[in-house]
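Undergrad: Have a look at this one before I ask anything.
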Amino acid sequence: MTFRARHLLGIEPLAPQEITSVLDLADRYVDLNRRTVKSSDALAGMTQINMFFENSTRTQASFELAGKRLGADVMNMSVAQSSVKKGETLIDTALTLNAMHPDLLVVRHPSSGAVNLLASKVNCAVLNAGDGRHEHPTQALLDALTIRRAKGRIQRLTVAICGDIAHSRVARSNLILLGKMENRIRLIAPPTLMPAGVGEFGCELYDDMREGLKGADVVMMLRLQKERMDGGFIPSEREYYHRFGLDAEKLSHAKPDAIVMHPGPMNRGVEIDGEIADDINRSVIQEQVEMGVAVRMACMDLLARNLRAERGRRAVESYV
Amino acid sequence: MTIHFHNARLICPETGTDAPGSLTVDAGSILARDADAPEGATVIDCNGACLAPGIVDWGVKIGEPGERHKESFRSAGLAAAAGGVTTIIARPDTAPAIDTPETLEFVTRRAAESVVRIRHMAALTKSRAGREMTEIGFLLDAGAIAFSDVFHVATDTKALGRALTYARSLGALVVGHPQEPGLSAGAATTSGKFASLRGLPGVSPIAERMGLERDLALVEMTGVTWHADQITTARSLPALARAKADGLDVTAGISIHHLTLNEFDVGDYRTFFKLTPPLRSEEDRLAMVQAVAEGVIDVIGSFHTPADEESKRLPFEEAASGAVGLQTLLPAALRLYHADAIDLPVLWRALSLNPARRLGLLQGRLTPGAPADLVLFDPDAPFVLDRFALRSKSKNTPFDGARMEGKVLATWVAGTRVFAAE
Chain A
171 MTFRARHLLG IEPLAPQEIT SVLDLADRYV DLNRRTVKSS DALAGMTQIN
221 MFFENSTRTQ ASFELAGKRL GADVMNMSVA QSSVKKGETL IDTALTLNAM
271 HPDLLVVRHP SSGAVNLLAS KVNCAVLNAG DGRHEHPTQA LLDALTIRRA
321 KGRIQRLTVA ICGDIAHSRV ARSNLILLGK MENRIRLIAP PTLMPAGVGE
371 FGCELYDDMR EGLKGADVVM MLRLQKERMD GGFIPSEREY YHRFGLDAEK
421 LSHAKPDAIV MHPGPMNRGV EIDGEIADDI NRSVIQEQVE MGVAVRMACM
471 DLLARNLRAE RGRRAVESYV
Chain B
2 MTIHFHNARL ICPETGTDAP GSLTVDAGSI LARDADAPEG ATVIDCNGAC
52 LAPGIVDWGV KIGEPGERHK ESFRSAGLAA AAGGVTTIIA RPDTAPAIDT
102 PETLEFVTRR AAESVVRIRH MAALTKSRAG REMTEIGFLL DAGAIAFSDV
152 FHVATDTKAL GRALTYARSL GALVVGHPQE PGLSAGAATT SGKFASLRGL
202 PGVSPIAERM GLERDLALVE MTGVTWHADQ ITTARSLPAL ARAKADGLDV
252 TAGISIHHLT LNEFDVGDYR TFFKLTPPLR SEEDRLAMVQ AVAEGVIDVI
302 GSFHTPADEE SKRLPFEEAA SGAVGLQTLL PAALRLYHAD AIDLPVLWRA
352 LSLNPARRLG LLQGRLTPGA PADLVLFDPD APFVLDRFAL RSKSKNTPFD
402 GARMEGKVLA TWVAGTRVFA AE
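Chains as they are written, first to last, in my numbering: chain A, 171 to 490; chain B, 2 to 423.
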């Protein structure tokens, strides 16, 4: 098993073998999670703090469940409505928490790079649960696991990512991961939602969805934020659905066995047709949620092993 | 007191020469070049080190009034002297802004604590808000050397046009910040591959050209004498060159950071590299170096902007913008010399002679009668920069830990030594 990282701040610093290690271990946790007795002692005695500077129900619940199944003591801090409002800086919040000796810190923050900053100030393992428009590594890993289980591999696939790519950390982490694993990536979006300079990342860019979906093995839809819908980035919800919403007709341009993914929460009738989302032969959206817990368990398990090893080394050094 | 600098490598931006020689200084002015040492003169053997006019650094932020914990006139003066800067042209973006003769008199009085010369720019509009013009006449009488709203770009073009017309009638020099504020609002980087990779909001480099085109049209309309504080993108250069060719009274500057660093230096969200305007692509950087060498860009400055640790130790988007530069301007500029991009006389034209000329100062020359503001430096001495060794109160330099070449050995202002290396 190869996994050397001290923190999980993004997909960018990971080597392909490290990604494979996470997915392999996550596969084992999927089996555990399907049993009646789901507990493990991988994190027994350890403390996990979930610190969400941005509201989230799904991701926070997934991390909480993952920690609890591994036997950690899990604490949730909804920082969105606490001390930060009183003017405390991110660093002070981090130092305060650090003094409580947590072992794993799960952080979501609205500013890109905020989790990197925080990680440099604490001496526990930090997991990025989404920072601004930067990265959301566990989402990309759970997507990769879902694809690998559905397609039998995570190489040499044609993956279409469609929607609000400019504002999406999920898209960013996914295109880095899929690129590292040598897949063909297509980005489909109206030009106003396509980030600048993304052509240099080695992706193919499309603003015609039918063209972009041609021959795709995987169709990854992204959520369109409500505040971007009226006139600012796209003319209207209905025009967006007409041109970029995934329906049966557009999906027919992809491979007949193409799978449909969405990180949730979905806007039915905006970016995806309800029937496609519920089609058990095409949609793997529910599997994604299931894989989420397993992948987060795997990530925390691997980080905890590295943390223990590091502390062990330090103890030996101080003894010698 | 008479000083005779012997065995020096004289860098003269006016004649464009870089040659061995000697310089004699008396009563605060340059007395003679390549003459024998007068009797009773203090003879300084320069050992072949470079002797050049002191740097005139145009666009320095000093925290008085309002933010003295970031930088005082005293600390700025010490940093400048250690960096070979002998004249500071201070910015009016203080708290409150320098927009009345009274605040200008206050800072002029306070500036006496500095060991180097300090001249002040005043705000062009009240509170730098871009709506009502300041008392340009009174401010000129009180010693304002130029007028600028610094990084605030006026959106009320009619009000700005009136302020420029009024400034022209008094012969005042106006400094603009070319930028289209509608495009740059909220941006922390230049848009492109790097901004997308890091998920940071970016501004298109074209926003600078849009702002420049508008400002140049206003200069044409009003006839004002105008200087662009920083031109940092290749796409702005044709507009600037055209305006100069058309005979508009226009000059432009750039910060040393935009000549020596690019957007990728931000790396892992390092906030000491967050600047206004943001760092640009490597293509832009190279084009700007060439523009300085060709004289399309006239002035290089540090745009010294002190920021405390608290305002920089934040997520990149929220962190303060700007870097200190008084003490690192010279060694950073020498990177261009060591890269064989710009020779020393041309470099000193941009660092010293051109800003002095544009501001109506006598500095920047080695000719008899010019002020004896001098810097003696070894252009090849290597060192690793330690930000805590800087004399500024604020330590926010992007060059922390950088390998640099070029050490200031001593600095003189009006013939008085204000700095000597240990």
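Even for Gly, the Cβ is constructed at its ideal location relative to N, Cα and C.
Mind pulling the alpha helix (DSSP H) runs of 4 or more residues that sit fully within the region 154 to 203 of chain B?
TA: With a minimum length of 4 residues, the continuous alpha helix (DSSP H) runs that stay inside the region 154 to 203 of chain B are 158 to 170, 182 to 185 and 194 to 199.
Undergrad: Applying a beta-carbon distance threshold of less than 8 Å, which residues of chain A neighbour B/R199?
TA: Chain A residues near B/R199: S282, G283 and H304.
Undergrad: Interface residues of chain B around A/L260 at Cβ under 8 Å?
TA: Residues of chain B passing the Cβ test: L315 and P316.
Undergrad: I'd like the list of long-range same chain contacts for A/Q187, defined as Cβ closer than 8 Å, with 5 residues on each side in sequence excluded.
TA: Once the five neighbours on either side are set aside, the close Cβ partners of A/Q187 are T172.
Undergrad: Is it right to say B/T95 is buried, meaning 16 or more other beta carbons lie within 10 angstroms of its own, or is it exposed?
TA: Its Cβ being crowded by 16 or more others within 10 Å, B/T95 is buried.
Undergrad: Beta carbon of B/P399, beta carbon of B/F273: below 9 Å?
TA: Yes.
Undergrad: Using a Cβ cut-off of 9 Å (strictly closer), state whether B/D100 contacts chain A.
TA: For B/D100, the answer is no, since every Cβ of chain A falls outside 9 Å of its Cβ.
Undergrad: Within a Cβ cutoff of 7 Å, which residues of the same chain sit near B/C13, ignoring the five residues on either side of it in sequence?
TA: P346 and L367.
Undergrad: Does the beta carbon of A/P360 come closer than 9 Å to any beta carbon on chain B?
TA: Chain B, which has no Cβ nearer than 9 Å to the Cβ of A/P360, makes this no.
Undergrad: Taking the alpha-carbon of B/I301 as reference, which of B/R271, B/T233 and B/A36 has the nearest alpha-carbon?
TA: The option with the nearest alpha carbon to B/I301 is B/T233.
Undergrad: I'd like to know if the region 168 to 175 of chain B and the region 136 to 147 of chain B are in contact, where contact means that at least 3 CB-CB pairs between them fall below 8 Å.
TA: They touch, by the three-pair rule.
Undergrad: Quick one, are the C-beta atoms of B/R286 and B/H259 less than 9 Å apart?
TA: Cβ atoms of B/R286 and B/H259: closer than 9 Å.
Undergrad: Roughly how far, in whole angstroms, is the beta-carbon of A/A336 from the beta-carbon of A/P307, given that I think they are within contact range, below 8 Å?
TA: The pair is not a contact, with the Cβ atoms about 19 Å apart (cut-off 8 Å).
Undergrad: For B/S23, go through chain A and note every residue whose CB falls closer than 7 Å to its CB, in chain order.
TA: Those do not exist, as B/S23 stays about 53 Å from chain A at its closest Cβ, beyond 7 Å.
Undergrad: According to DSSP, which residues form a beta bridge with A/I404?
TA: None; A/I404 has no bridge partner.
Undergrad: Count the other CB atoms, across all protein chains shown, that sit within 10 Å of the CB of A/S248; report buried if there are 16 or more and exposed otherwise.
TA: So A/S248 counts as exposed.
Undergrad: Going by the beta-carbon positions, is the gap between A/F222 and A/R278 smaller than 9 Å?
TA: Their beta carbons are under 9 Å apart, which means A/F222 touches A/R278 by this criterion.
Undergrad: Measure the alpha-carbon distance for A/Q207 versus A/A330 and round it to whole angstroms.
TA: Checking the displayed sequence, the identity of residue 207 of chain A turns out to be Val instead of Gln. Approximately 38 Å, taken between the alpha carbons.
Undergrad: On the criterion of 16 or more Cβ atoms from any shown chain inside 10 Å, does A/E409 qualify as buried, or is it exposed?
TA: Exposed, by the Cβ-count rule.
Undergrad: With H, G and I counted as helix, E and B as strand and the rest as coil, what does DSSP make of A/L297?
TA: Strand, per DSSP.
Undergrad: Tell me whether B/S237 sits in a helix, a strand or coil according to DSSP, three-state version.
TA: Helix, per DSSP.
Undergrad: Cα-Cα, which of B/M122, B/R120, B/K62 and B/L198 is closest to A/N344?
TA: Comparing Cα-Cα distances from A/N344 to each of B/M122, B/R120, B/K62 and B/L198, the minimum goes to B/L198.
Undergrad: Among A/M245, A/T190, A/A424 and A/G283, which residue has its Cα nearest to the Cα of A/E305?
TA: Of the candidates A/M245, A/T190, A/A424 and A/G283, the one whose C-alpha sits nearest the C-alpha of A/E305 is A/G283.
Undergrad: Kindly indicate which three-state DSSP category B/D247 falls into: helix, strand or coil?
TA: If DSSP states are grouped into helix, strand and coil, B/D247 belongs with coil.
Undergrad: Looking at the strands, I want to know which residues DSSP matches up with A/L274.
TA: For A/L274, which the question treats as bridged, DSSP gives the partners A/Q218 and A/A295.
Undergrad: Under the assumption that A/M467 contacts A/A236 (Cβ atoms under 8 Å), give the Cβ distance between them as a whole number of angstroms.
TA: Yes, A/M467 and A/A236 are in contact; Cβ-Cβ is about 4 Å, under 8 Å.
Undergrad: Does the Cβ-Cβ distance between A/L327 and A/V465 come in under 9 Å?
TA: No, the Cβ-Cβ distance between A/L327 and A/V465 is not below 9 Å.
Undergrad: Identify the continuous alpha helix (DSSP H) that holds B/P380 and give its terminal residues.
TA: Not the alpha helix (DSSP H): B/P380 falls in the beta strand (DSSP E), residues L375 to V385.
Undergrad: Give me the subset of the region 359 to 382 of chain A whose CB atoms are less than 7 Å from a CB atom of chain B, sorted by chain position.
TA: Against chain B - using a Cβ distance shorter than 7 Å - the residues of the region 359 to 382 of chain A are P365, A366, G367, V368 and E370.
Undergrad: How would you list, in chain order, the residues of chain B whose beta-carbon sits under 7 Å from the beta-carbon of A/R342?
TA: Under the 7 Å cutoff, chain B gives G200.
Undergrad: What are the partner residues of A/C469, as DSSP defines its beta bridges?
TA: Note: A/C469 sits in no beta bridge, so no partner.
Undergrad: Name the DSSP bridge partner or partners of A/G444?
TA: In DSSP, A/G444 forms no bridge with anything.
Undergrad: What is the DSSP secondary structure of A/Y376, counted as helix, strand or coil?
TA: Correct three-state label for A/Y376: strand.
Undergrad: Against chain B, does A/H177 count as a neighbour if the rule is that its beta carbon must be under 9 Å from one of theirs?
TA: For A/H177, the answer is no, since every Cβ of chain B falls outside 9 Å of its Cβ.
Undergrad: So B/S115 and B/G78 are in contact, right, with Cβ under 8 Å, and what is the actual spacing, rounded?
TA: Indeed they touch by this definition, with Cβ atoms about 3 Å apart.
Undergrad: Quick check: what's the CA-CA separation for A/D417 versus A/I442?
TA: Between A/D417 and A/I442, the C-alpha separation is close to 6 Å.
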